[in-house]
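Inspection log for the structure reproduced underneath, given as structure tokens.
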Amino acid sequence: MSGSTEPGSVVAQLVETMRTLAGAHPGFRPVHAKGIVCAGAFRASPQARRVSRAPHLQGALVPAVIRFANASGNPEVHDGLPGVRSLSVKFQLADGKSADVLANSIEGFVARTPEDFLEFLRAQLPDPVTGRPVPDAVPRFLGSHPIARAFVERLMKKPVPASYAQASYHAEHAFRFTAADGTSRFGRYHFVPEAGEAFLSPEDGGKRSPNFLRDELDGRLRRGPAVFRLQLQLAEASDPTDDASALWPADRARVELGRLEVTGISPTGPADERRLVFDPTNRTDGIDLSTDPILLARSAAYSISYNHRSKGE
Ligand code: HEM
């Protein structure tokens with residue numbers, strides 16, 4: 000169901016290619032390497048329980064572990080470089096289990112299938128002879144893959160967030176939500192910042208200090224929590240539920256699922272951050288996976304990756 004971890008499988012090749020592109024950074028994630036772990040809490044709104052019987056959507060205050068990150072595989076990447084940022088949330092449930100939501104600062108994924116994603120990553124590999132990037136490989140890929148080209152164009156409209164707390168984050172895949180009365184519907188998660196969105200140009204981003212996103216978040220949280228509204232965009236019959244690269248119309252109804260408050264940076268060392276693992280398929284009763292091939296490939300990829308980094312590879 001969740002993709003194969005076997006050596007040589009597409010998923011194994013994806014992780015290997017990510018690790019090659021990132022370069023040697025033992026113990027770090029091969030993507031989303033530079034992160035910051037925070038503590039917070041989520042409270043569901045009264046509407047949420049009409050959509051799902053999941054325990055964290057019933058209205059009680061649920062503690063959460065939150066990780067913001069830059070999608071690059073370089074743990075030292077300059078915060079001002081254009082690229083995707085992320086927000087991962089681990090809802091800590093009363094029974095000791097957890098449910099995860101992983102979200103990126105751009106709506107829609109770059110590829111429809113794991114195979115296409117692998118081709119996109121491979122276009123970024125250096126030439127094995129010269130060790131330098133192949134100059135026309137990425138433009139050629141984008142020229143023949145309109146989905147990826149549209150993704151890059153969207154990204155460059157919002158290239159550098161001014162704050163981790165001032166970007167919207169999207170979990171991309173559709174999940175199926177089932178309420179206590181048995182009614183089911185597909186929806187997509189979006190985290191919307193209460194402080195509003197704010198972006199920098201690549202030029203202005205480059206002038207900031209290399210860790211300005213961490214510094215900014217630290218200062219902001221000393222003054223009060225950073226708040227995100229968690230919304231569920233509901234699918235209509237014509238909306239694809241198995242294609243993370245296809246955006247649904249922006250005017251689709253959205254249910255307010257609740258409020259996430261990020262309250263402080265956790266005093267976590269690198270070892271704590273290494274132990275932490277988010278997985279988009281880690282969910283509870285009341286939330287089911289869709290048949291999106293990218294979603295179904297991810298759990299195996301995260302497990303291979305965790306296996307490497309937990310061994311300090
Ligand atoms: C086949 C497609 C994908 C592959 C192979 C893949 C692979 C990976 C890997 C290997 C990691 C590091 C995991 C770890 O070591 O713990 C990771 C992290 C992450 N990925 Fe993906 N990914 C894919 C699609 C996506 C999509 C569609 C999203 C959109 C939300 C996404 C969001 C994230 C986030 C937010 C993290 C960081 C999690 C954290 O903070 O620990 N990924 N991904």
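The letter at position 264 of the sequence shown is residue 263 when you use numbering that gives the first Met the number 0, and the numbering goes up by one with no holes. Cβ atoms here follow ideal geometry from the backbone N, Cα and C, with glycine treated the same way.
> In three-state terms, what does DSSP make of G26?
Replying inline: Mapped onto the sequence shown, residue 26 falls at position 27. Coil.
> So the alpha helix (DSSP H) Q91 belongs to, where does it begin and stop?
Replying inline: Within the sequence shown, residue 91 is the residue found at index 92, counting from 1. No alpha helix (DSSP H) holds Q91; the beta strand (DSSP E) holding it covers R84 to Q91.
> Do you know offhand how far P248's Cα is from F185's?
Replying inline: Residue mapping note: residue 248 aligns to position 249 of the sequence shown, counting from 1. Residue mapping note: residue 185 aligns to position 186 of the sequence shown, counting from 1. Approximately 14 Å, taken between the alpha carbons.
>> Threshold first: 4 residues or longer. Then list the alpha helix (DSSP H) segments lying entirely within the segment 109-168, N to C.
In response: 113-121, 136-143 and 145-156
> In its own chain, which residues sit with a C-beta less than 6 Å from the C-beta of Q165, not counting the 5 before and 5 after it?
Replying inline: The residue given as residue 165 occupies position 166 in the sequence shown. Cβ neighbours of Q165 beyond the five flanking positions: P192, A194, E196 and A197.
>> Taking the beta carbon of K157 as the centre, do at least 16 other beta carbons fall within 10 Å, making it buried, or is it exposed?
In response: By one-based count along the sequence shown, residue 157 stands at place 158. With 16 or more Cβ atoms within 10 Å of its Cβ, K157 is classed as buried.
> For M0, which of helix, strand or coil comes out of DSSP?
Replying inline: Here residue 0 refers to the residue found at position 1 when the sequence shown is read from its first residue. Unreliable positioning characterises M0 in this predicted model, as indicated by a pLDDT of 44, which lies under 50. A coordinate reading is not provided.
> Which ranges would you report for the beta strand (DSSP E) in the segment 197-239 if only whole runs of at least 3 residues count?
Replying inline: 225-233
>> For M0, which residues in the same chain have their Cβ closer than 7 Å to its Cβ, ignoring the five residues on either side in sequence?
In response: Walking along the sequence shown from the start, residue 0 turns up at place 1. For M0, the pLDDT reaches just 44, beneath the cut-off of 50, and the residue's location in the model is therefore unreliable, although a value from the coordinates is still provided. Excluding residues within five positions, the ones whose Cβ falls inside 7 Å are L295.
>> Short of 7 Å in beta carbon distance, which residues of its chain neighbour S302, apart from the five on each side in sequence? Order them along the chain.
In response: On the sequence shown, residue 302 is found 303 positions in, with the first residue counted as 1. Excluding residues within five positions, the ones whose Cβ falls inside 7 Å are T4.
>> Taking its Cβ as the centre, do 16 or more other Cβ atoms sit within 10 Å of R111, making it buried, or is it exposed?
In response: Within the sequence shown, numbered from 1, the residue matching residue 111 stands at position 112. Buried.
> To which residues does DSSP link F185 through a beta bridge?
Replying inline: Stepping through the sequence shown from its first residue, residue 185 is reached at position 186. Answer by DSSP bridge pairing, in chain order: R175.
> Thinking C-alpha only, which one of N281, T240, I35 and T283 is nearest E75?
Replying inline: Locating residue 75 in the sequence shown gives position 76, where the first residue counts as 1. Of the candidates N281, T240, I35 and T283, the one whose C-alpha sits nearest the C-alpha of E75 is I35.
>> Strictly by DSSP, which residues pair up with S97?
In response: Within the sequence shown, residue 97 is the residue found at index 98, counting from 1. For S97, which the question treats as bridged, DSSP gives the partners Q91.
>> Using a 10 Å radius around the Cβ and a threshold of 16 neighbouring Cβ atoms, would you call D291 buried or exposed?
In response: On the sequence shown, position 292 is the one that residue 291 refers to. Sixteen is the threshold: when 16 or more other Cβ atoms of the shown chains lie within 10 Å of the Cβ of D291, as they do, the residue is buried.
> Is the closest heavy atom of the ligand HEM to the C-beta of S265 under 6 Å?
Replying inline: Your numbering for residue 265 matches position 266 in the sequence shown. Outside the cutoff, so no.
> Should E106 be counted as a contact of the ligand HEM given a C-beta to heavy atom distance under 6 Å?
Replying inline: Here residue 106 is taken as the residue at index 107 of the sequence shown, counted from 1. Not under cutoff, so the answer is no.
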